[in-house]
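In the working numbering, the protein residues as written are 4 to 127. For reference, the structure discussed in these notes is given below.
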């Protein structure tokens, strides 16, 4: 039973971290991993999926004996280190700068095309 409780605690910790760092507050751990998509590296996604699978297997007492707690703990540790390293404020700043850069480029491109067309037509 101790293995099962620790796996449940690990899964709950990962759910909390994903809610805080990625904004994924609803659904099971497997569903949250699927929703995270490209925001997580594939290795971290696989680690979180392994913990989600272990959580599901731990609900059945006969199957729970087949779990490898070392592998689950390793996957949990790797996923936790990555999730705790995410800086939410930096992600928001990066997103805002990306959008502003895209808008600035588009405005510059439109102005350039406008000047070229006006020059071609002999108006400038």
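C-beta: ideal position from N, C-alpha, C; glycine also.
- For residue 43, the three-state secondary structure derived from DSSP is coil.
- Comparing C-alpha distances from residue 20 to each of 72, 90, 69, 66 shows the shortest one belongs to 90.
- CA-CA distance, residue 124 to residue 116, rounds to 12 Å.
- In this structure, the alpha-carbon of residue 10 lies about 11 Å from that of residue 78.
- Annotated three-state conformation of residue 29 is coil, per DSSP.
- It is roughly 12 Å from the alpha-carbon of residue 51 to the alpha-carbon of residue 74.
- Distance from the CA atom of residue 94 to the CA atom of residue 127, rounded to whole angstroms, is 43 Å.
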